[in-house]
Amino acid sequence: MLAPLENRGLIEREPDDALRAAELEKENTGLRQALRQARSSQKRMITMHANRSIELDKRIAALEQHCAEQAARIGAFESGQAIIELGRQLMELKEANARLVESAQRVWHLDKTICAAHRECERLARERDSLALRLCTQAADTLN
188 MLAPLENRGL IEREPDDALR AAELEKENTG LRQALRQARS SQKRMITMHA
238 NRSIELDKRI AALEQHCAEQ AARIGAFESG QAIIELGRQL MELKEANARL
288 VESAQRVWHL DKTICAAHRE CERLARERDS LALRLCTQAA DTLN
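Dropping the structure here:
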């Protein structure tokens with residue numbers, strides 16, 4: 188038997204509902220996959236940004252340290268401490284230079300003295316040799 192007319196509409200809708208349910212299921216599956224991909228992408232981005240944030244924190248810390256060092260250096264220059272230190276070093280170098288000049292003069296005088304002593308030794312050696320030759324000659328003359 189045929190169903191009354193109002194129930195027939197329900198029967199005819201069933202295939203449409205099944206088709207609609209299949210489409211919704213397919214759409215739901217696609218949305219779930221898109222959600223998984225979005226979450227995965229979001230996790231990668233969070234990790235990447237966290238690493239970048241750590242790198243930037245380290246860079247900021249290094250720059251702050253460098254800034255503090257430069258500020259201390261500027262403070263030393265402003266206080267005149269650097270000029271005082273340079274003056275002290277200059278005085279030490281001046282004293283060392285004076286000692287070096289004095290030592291060089293002593294070396295020069297000692298060298299002159301050694302050269303004079305060497306010349307005197309050579310003169311005395313020649314005189315000795317001359318006297319020894321004369322002595323030998325006189326001894327030979329007396330023997331003959």
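Position one of the sequence shown corresponds to residue 188 (this note's numbering), numbered consecutively onward.
Backbone N, C-alpha and C define an ideal beta-carbon position, used for all residues, glycine too.
Quiz item: With distances taken between CB atoms, is the gap from ALA255 to ALA263 smaller than 8 Å?
Solution: no
Quiz item: Does DSSP put GLY262 in a helix, in a strand, or in coil?
Solution: helix
Quiz item: Where does the unbroken alpha helix (DSSP H) through GLY274 begin, and where does it stop?
Solution: 268-330
Quiz item: Between GLN325 and the rest of its own chain, which residues show a CB-CB distance below 6 Å, the 5 nearest in sequence each way excluded?
Solution: none
Quiz item: Can you tell me the Cα-Cα spacing of SER227 and LYS245, whole angstroms?
Solution: In this structure, the straight-line span from the alpha carbon of SER227 to that of LYS245 is close to 27 Å.
Quiz item: CA-CA distance, ALA249 and ALA258?
Solution: 14 Å
Self-check item: C-alpha gap between ARG231 and GLY217, whole angstroms
Solution: 21 Å
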